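K.L.:
What follows is a structure written as structure tokens; I'll ask about it next.
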Amino acid sequence: MDFEINRIQVRKNNRAKNLRLAVDKHGRPVLTIPFLCPKWYALRWAEKQKGWIEKNTFTPNNFAPEQNISIGDKIYKLKHNPQQKNNIVGKTEIIIGGDLCFFNRRVRDLIKKEFLSLLQKQVPLYAHKLGVKYHRITLRDTSSRWGSCSARGNLNFCWRIALAPEFVIHYLIAHEVSHLKYMNHSASFWKTVATLTPDTTRAKNWLKHHARQLQIG
Ligand SMILES: [Zn+2]
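Basically our numbering = 1-based index in the sequence shown + 1108.
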């Protein structure tokens, strides 16, 4: 528990009326306290919120050898072989070559490559089904948006979605492609999404509860 307490960043706020716990984008707990509230009192209060802190905070991780990762519905064990120049994607394992200090970046690049080729297959299928045209597909690393669609018909996806289950990936593709037809979230838009995937509610729920596990690498 001492460790947890040390991780907490305490912020005094003139306008705060109550003690408040939140999580910043690096996964650390932030405790906001009213200006006149003593720090020791606030920390004692935070100590009682241990369950909440453990459930809601996270440590950003890098990919590491011997770790299991899932890309869509496939699970791979990550391995490292410094003698090997290229990466090898097997059925159940991915062997990363080169120096260990590049391991995380090479895993990330490999996931991006796999994900982009999946998008390049799936987006045209959905676009064809809706009779819409798209311009370009780009991968980003955005923490607040999993995807977006520009007025020019460019589709952007956060590469981390590759680490989500397939029904979530397909929902996000369906969502962005449907924006090529409706640039809003109207009832017609959601009806269009539903013609491409039956999993909208399930996928939204998954993202709401598991988005944290995508913050890796
Ligand atoms: Zn949208």
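Glycine included, each C-beta is placed from N, C-alpha and C at the ideal position.
These numbers come from a predicted model, not from an experiment.
1) Mind reading off the beta-carbon distance from residue 1274 to residue 1180? Whole number of angstroms is fine, and I expect it under 8 Å.
2) Between residue 1182 and residue 1235, what straight-line distance do the alpha-carbon atoms span, to the nearest angstrom?
3) As an exercise, report each continuous beta strand (DSSP E) stretch of at least 3 residues that is fully enclosed by the region 1222-1271, in chain order.
4) Check the DSSP bridge columns for residue 1288 and list the partner residues they point to.
5) Taking 6 Å as the limit, name every residue whose beta carbon sits nearer than that to some heavy atom of ligand 1, in sequence order.
6) Using CA coordinates, which residue listed in 1266, 1254, 1199 and 1198 is at the minimum distance from residue 1216?
7) Any beta carbon from chain D within less than 9 Å of residue 1154's own beta carbon?
8) Report the CB separation of residue 1304 from residue 1282 in whole angstroms; it is logged as a contact under 8 Å.
9) Between the alpha carbons of residue 1295 and residue 1127, how many angstroms are there, rounded?
10) Is it buried or exposed, residue 1150, if we count other Cβ atoms within 10 angstroms and call 16 or more buried?
11) Does the Cβ of residue 1171 have 16 or more other Cβ atoms within 10 Å, making it buried, or fewer, making it exposed?
12) Please state if the CB of residue 1198 and the CB of residue 1165 are separated by a distance shorter than 9 Å.
13) Going by beta carbon distance, what residues of the same chain come within less than 8 Å of residue 1269, once the five residues before and after it are set aside?
P.N.:
So, to answer that:
1) Stepping through the sequence shown from its first residue, residue 1274 is reached at position 166. Stepping through the sequence shown from its first residue, residue 1180 is reached at position 72. So it is a contact: roughly 4 Å between Cβ atoms.
2) Counting from one through the sequence shown, the residue named residue 1182 turns up at place 74. Counting from one through the sequence shown, the residue named residue 1235 turns up at place 127. Using only the alpha carbons, I get a separation of about 25 Å.
3) 1245-1248, 1255-1257 and 1263-1266
4) Within the sequence shown, the letter at position 180 stands for residue 1288. Residue 1288 is not bridged to any residue.
5) 1283, 1287 and 1293
6) Residue numbering aside, residue 1216 sits at position 108 when the sequence shown is read from its first letter. When each option's Cα is compared against that of residue 1216, the closest is 1266.
7) The structure shown contains no chain D, having only a single protein chain.
8) Your numbering for residue 1304 matches position 196 in the sequence shown. Your numbering for residue 1282 matches position 174 in the sequence shown. Correct: roughly 4 Å between the Cβ atoms.
9) The residue you call residue 1295 lines up with position 187 of the sequence shown. The residue you call residue 1127 lines up with position 19 of the sequence shown. Going by the C-alpha atoms only, they are around 39 Å apart.
10) The sequence position of residue 1150 within the sequence shown is 42, counting from 1. Looking at its Cβ environment, which holds 16 or more other Cβ atoms inside 10 Å, residue 1150 is buried.
11) Reading the sequence shown from its first residue, position 63 is the one you call residue 1171. The residue is buried, with at least 16 neighbouring Cβ atoms inside 10 Å.
12) The residue given as residue 1165 occupies position 57 in the sequence shown. The residue given as residue 1198 occupies position 90 in the sequence shown. Taking 9 Å as the Cβ cut-off, residue 1165 and residue 1198 do not qualify as a contacting pair.
13) Numbered from its first residue, the sequence shown carries residue 1269 at position 161. Taken in chain order, the residues that qualify are 1223, 1254, 1255, 1276, 1277, 1280 and 1322.
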